[in-house]
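Colleague: Please read through the structure below; I'll follow up with questions.
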Amino acid sequence: MINEIQLQNFQIVKLKDVPVGSIICDNSWVWEHKTGENYSGYGEIKPVEWIVVAKNYYKNPSNSITLISKELVGKYSYRYEEFDEFFVSDSGWRKSNIRDWLNQVFYNSFSDSFKSKIIETTLIYEENKGCLSAITDNVFLPSKEEMNFLIKYENNPKRWKCFTDDASRIAKLGKEDCVYLTRSQNFKKFSYRGDIYRISKFGRFYTDSTRSKTTGIRPVLNFNPDTYLMKMGNKYQILSKGENNKIENKNNSKRKEILNFTDVKRKQENPKRVKIFTHTDFDGIGCGILGFLAFEEVDIEYCNYNDINEKIESFINNEKYKEYKHIYITDISVSDELAKKIDEIAEHFTLIDHHSTATHLNNYWWCYIKVKNANGKCSGTSLFYQHLDNDKLRKDNIIEFVETVRQYDTWEWATIYNNENPKKWNDLLYIYGREKFIEKTVEKLKGNNNFEFDETDLLLLELEENKKEKYFEKKNGEIIEKDIEEYNVGIVFAEQYVSELGNYLASKHNNLDFIILIGSQSISYRGIKNDIDLGLFAKKFGGGGHPKASGSEISLEKQVKYIEDLFS
Numbered sequence: 079m080i081n082e083i084q085l086q087n088f089q090i091v092k093l094k095d096v097p098v099g100s101i102i103c104d105n106s107w108v109w110e111h112k113t114g115e116n117y118s119g120y121g122e123i124k125p126v127e128w129i130v131v132a133k134n135y136y137k138n139p140s141n142s143i144t145l146i147s148k149e150l151v152g153k154y155s156y157r158y159e160e161f162d163e164f165f166v167s168d169s170g171w172r173k174s175n176i177r178d179w180l181n182q183v184f185y186n187s188f189s190d191s192f193k194s195k196i197i198e199t200t201l202i203y204e205e206n207k208g209c210l211s212a213i214t215d216n217v218f219l220p221s222k223e224e225m226n227f228l229i230k231y232e233n234n235p236k237r238w239k240c241f242t243d244d245a246s247r248i249a250k251l252g253k254e255d256c257v258y259l260t261r262s263q264n265f266k267k268f269s270y271r272g273d274i275y276r277i278s279k280f281g282r283f284y285t286d287s288t289r290s291k292t293t294g295i296r297p298v299l300n301f302n303p304d305t306y307l308m309k310m311g312n313k314y315q316i317l318s319k320g321e322n323n324k325i326e327n328k329n330n331s332k333r334k335e336i337l338n339f340t341d342v343k344r345k346q347e348n349p350k351r352v353k354i355f356t357h358t359d360f361d362g363i364g365c366g367i368l369g370f371l372a373f374e375e376v377d378i379e380y381c382n383y384n385d386i387n388e389k390i391e392s393f394i395n396n397e398k399y400k401e402y403k404h405i406y407i408t409d410i411s412v413s414d415e416l417a418k419k420i421d422e423i424a425e426h427f428t429l430i431d432h433h434s435t436a437t438h439l440n441n442y443w444w445c446y447i448k449v450k451n452a453n454g455k456c457s458g459t460s461l462f463y464q465h466l467d468n469d470k471l472r473k474d475n476i477i478e479f480v481e482t483v484r485q486y487d488t489w490e491w492a493t494i495y496n497n498e499n500p501k502k503w504n505d506l507l508y509i510y511g512r513e514k515f516i517e518k519t520v521e522k523l524k525g526n527n528n529f530e531f532d533e534t535d536l537l538l539l540e541l542e543e544n545k546k547e548k549y550f551e552k553k554n555g556e557i558i559e560k561d562i563e564e565y566n567v568g569i570v571f572a573e574q575y576v577s578e579l580g581n582y583l584a585s586k587h588n589n590l591d592f593i594i595l596i597g598s599q600s601i602s603y604r605g606i607k608n609d610i611d612l613g614l615f616a617k618k619f620g621g622g623g624h625p626k627a628s629g630s631e632i633s634l635e636k637q638v639k640y641i642e643d644l645f646s
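Here this note's numbering is used: the first residue of the sequence shown is 79, the next is one more, and so on.
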């Protein structure tokens, strides 16, 4: 542990401020650098030292600091189990033994403090010959490009600047220079079998079978840029969680000195926190993103039609609304019974929606339902933006984001503007997952740059498009035709790309009135015909939505009955 005197007298810096090439270490945990095959035998027990090799190199996560171990941490096989070597999906990084070992045995040896500073990294790699794929890891191996495989250093845009020649790539295990692995495969001209690039004890590249004898391991990871370090000689020591707290507390004390007592009291009596209940789709998440940008403190809860009433009723019954300055319900509506209950405490609430099935809620002064205005069809995000009328949101990139969400949710990107970008942003939401997408989008919108895709976004979209085409073809062959009420519909079981798949199938089968897509917990209705209102159709089954896109939930009772029918 570092004592108080050291904290006061040594230079304290953040990781993001140290130069590339710096050496950092964490003395709170040690690792045995075993020299035997597949991490066996014995070795020196000591902290792992890391080299800072890049800043914000991986666009996802953004602003992270990339570290590679200075020495090798042991030996291990890239792939020691039997596999079909003619299929790279079996021999590549995704299914490699070394990947499992790094992200389980090695990762779990870290102290809790060290783990908390690691940022998951999305890697792009060649899974099959000419076919790129994406995977997320905490710890990984370097690629041949990162270690500057290309002969001409200045022509390698992916290089880490620490590695300029053979000598700079040499690494030791114990006292000896040792061969070590990269994660890059070598696809032979007449075979799908992928050998692995290795770096020799002389720092040169060569390839060998994925099943060859165990080789040295030089792990890589991405670290939180705001990690505090103490400079000690020519190295930087990572501070523990407790030591970080001491520094933060000291900084907070200085900030508190400028606040007078009445200001503090005012803040306690008038909470700044805002609560937002919003839908789980792109439009609902767009409302949440505006909340993050507009308010200093905001809690966001994502809801579907099957749980929105239950969540808000519990929120009211427990008097949680008293803890917030205001509560918004966006891009989703509540039942008539719950609306009457909210009306008794309406000064705390605002409901904003654009679905035609919710227009009756305009009878309440705290509800604002608008399906269409002078700018075209409305979305939850566009209405919430207008309602907030916030100076923080008057930026070109945020206005562009709001319009992107509106075009996607109303389908005007296809019917009017012939603009693929809104669809691509929706794709990215499901590729990254909700939390990562929100984090990346908020970061983009806080800056002054245009709202546009970065390199990682574009690559992931290309990979996803290939998967999507195959999925659409498969589901097109699985359609079941059935008469429901007065309609001839096509039914398919699907969990992925629901909106796009529904519209694709509806346009491909003009003989059908609309498409029903059944998932594990919900049903989606998609159509392209102007004389059928799918919002009203879904309402018969406890759902709602738009005339050409709606949905309803599958209750637990119906799920159980379906299982019983299957096995009766």
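Heads up, the beta-carbon is just placed ideally off N, CA and C, and yes, glycines get one too.
Note that the coordinates shown come from a computational prediction; the quantities given were computed from them, not determined experimentally.
1. In chain order, what residues of the same chain have a beta carbon less than 8 Å from the beta carbon of aspartate 561, not counting five sequence neighbours either side?
2. Taking all protein chains shown into account, decide if threonine 493 is buried (16 or more other Cβ within 10 angstroms of its Cβ) or exposed.
3. Determine the burial state of valine 638: buried for a count of at least 16 other Cβ atoms within 10 Å of its Cβ, exposed for fewer.
4. Look at the alpha carbon of lysine 345 and the alpha carbon of histidine 432, and state the distance between them as a whole number of angstroms.
5. Can you tell me which residues form a DSSP beta bridge with leucine 595?
6. My output table needs one value for tryptophan 171: the three-state DSSP class, helix, strand or coil.
7. So which of Glu478, Leu368, Asn528 and Ile558 has the shortest CA-CA distance to asparagine 589?
8. Among the residues of its own chain, which have a CB less than 6 Å from the CB of tryptophan 503, if the five just before and after it don't count?
9. Cysteine 103 and isoleucine 316: beta carbons closer than 8 Å?
10. For the beta strand (DSSP E) that phenylalanine 283 lies in, which residues bound it at each end?
11. One question on the structure: do isoleucine 407 and isoleucine 378 come within less than 8 Å of each other, judged by their Cβ atoms?
12. For the beta strand (DSSP E) that alanine 436 lies in, which residues bound it at each end?
13. Do you know whose CA, among Leu145, Val376, Ile596 and Trp179, lies nearest tyrosine 314's CA?
14. Which residue from Gly369, Phe370, Gly362 and Lys400 puts its Cα closest to that of asparagine 382?
15. What is the DSSP secondary structure of glutamate 547, counted as helix, strand or coil?
16. Over the uninterrupted alpha helix (DSSP H) stretch that includes asparagine 300, give me the two end residues.
17. Residues in its own chain within less than 7 Å of valine 108 by CB, not counting five upstream and five downstream?
18. Taking a contact to mean a Cβ-Cβ separation below 8 Å, would you say glycine 294 touches lysine 153 in this structure?
19. Where glutamine 599 and isoleucine 593 are concerned, what is the direct C-alpha to C-alpha distance, given to the nearest angstrom?
20. Please classify glycine 620 as buried or exposed, where buried requires at least 16 neighbouring CB atoms within 10 angstroms.
21. Alanine 212 and leucine 538 look like a contact to me (Cβ under 8 Å); what is the Cβ gap, rounded to whole Å?
22. Check each candidate in Ser174, Phe184 and Ser100 and name the one with the smallest Cα separation from glutamate 110.
23. Give a yes or no on whether the C-beta atoms belonging to lysine 92 and aspartate 255 are separated by under 8 Å.
24. Helix, strand or coil, according to DSSP, for glycine 681 in the structure here?
25. Check alanine 132 in the structure and name its three-state DSSP category.
26. Less than 8 Å between the C-beta atoms of valine 412 and asparagine 396, yes or no?
27. Taking the straight line between their C-alpha atoms, what separation do you get for phenylalanine 515 and serine 100?
28. Leaving out the 5 sequence neighbours to the left and right, which residues in its chain are closer than 8 Å to valine 257 when beta-carbon positions are compared?
29. Leaving out the 5 sequence neighbours to the left and right, which residues in its chain are closer than 7 Å to isoleucine 197 when beta-carbon positions are compared?
30. Can you check whether the C-beta of tyrosine 154 is within less than 8 Å of a C-beta belonging to chain D?
31. Kindly give me the distance between the Cβ atoms of lysine 148 and glutamate 127, rounded to whole angstroms, as I take these residues to be in contact under 8 Å.
32. Alpha carbon to alpha carbon, how far is serine 434 from isoleucine 447? Give it in angstroms, no decimals.
33. Please determine if the stretch 518-538 and the stretch 547-555 are in contact, where contact requires at least 3 C-beta pairs separated by less than 8 Å.
34. Following the continuous beta strand (DSSP E) through histidine 404, name the residue where it begins and the one where it ends.
35. Do you know how far the Cα of asparagine 608 is from the Cα of threonine 437?
36. Is the beta carbon of isoleucine 410 sitting closer than 8 Å to the one on threonine 459?
Modeller: Reading it off the structure:
1. Answer for aspartate 561: Val567, listed in chain order.
2. The residue in question, threonine 493, is exposed, as its Cβ has fewer than 16 Cβ neighbours within 10 Å.
3. Counting Cβ neighbours within 10 Å, valine 638 comes out exposed, since fewer than 16 surround it.
4. Confidence at lysine 345 is low in this model, with a pLDDT of 39, below 50, so the placement of that residue should be treated as unreliable; the coordinate-derived value is given next. Distance between lysine 345 and histidine 432, taken at the CA atoms: about 34 Å.
5. Beta bridge pairing from DSSP links leucine 595 with Val570 and Ser602.
6. Three-state DSSP puts tryptophan 171 in a helix.
7. Closest option to asparagine 589, Cα to Cα, is Ile558.
8. The residues are Thr482.
9. Yes; because the gap between Cβ atoms is below 8 Å, this pair is in contact.
10. Counted as a single uninterrupted DSSP element, the beta strand (DSSP E) harbouring phenylalanine 283 occupies residues 283-286.
11. The beta carbons of isoleucine 407 and isoleucine 378 sit no closer together than 8 Å.
12. Judged by DSSP secondary structure, alanine 436 falls outside any beta strand (DSSP E); it is assigned neither H nor E.
13. The shortest Cα separation from tyrosine 314 among Leu145, Val376, Ile596 and Trp179 belongs to Leu145.
14. The shortest C-alpha separation from asparagine 382 is found at Gly362.
15. Residue state, collapsed to three classes: helix.
16. In the DSSP assignment, asparagine 300 falls outside any alpha helix (DSSP H) and lies within the beta strand (DSSP E) extending over 298-301.
17. Ile123, Lys124 and Pro125, listed in sequence order.
18. The Cβ-Cβ distance between glycine 294 and lysine 153 falls below 8 Å.
19. Roughly 17 Å between the two C-alpha positions.
20. Around the beta-carbon of glycine 620, fewer than 16 other beta-carbon atoms lie within 10 Å, marking it exposed.
21. Contact flag correct, Cβ pair sits at about 6 Å.
22. Here the closest residue by C-alpha is Phe184.
23. Aspartate 255 sits away from lysine 92, with the two beta carbons spaced by 8 Å or more.
24. It is not possible to answer for residue 681, since the shown part of the chain is limited to 79 through 646.
25. Alanine 132: strand per DSSP, three-state reduction.
26. It is not a contact, given that the beta carbons lie outside the stated cut-off.
27. Roughly 31 Å separates the two Cα atoms.
28. These residues qualify, in order along the chain: Arg276, Ile277, Ser278, Lys279, Thr293 and Gly294.
29. These residues qualify, in order along the chain: Pro139, Ser142, Asn300, Phe301 and Asn302.
30. The structure shown has no chain D; it contains just one protein chain.
31. By a beta-carbon distance limit of 8 Å, lysine 148 contacts glutamate 127. Their separation comes to about 4 Å.
32. If you draw a straight line from the Cα of isoleucine 447 to the Cα of serine 434, it comes to about 8 Å.
33. Too few Cβ pairs lie closer than 8 Å, so no.
34. 404-408 is the span of the beta strand (DSSP E), which, as asked, contains histidine 404.
35. Linking threonine 437 to asparagine 608 through their CA atoms gives a straight-line distance of about 20 Å.
36. No.
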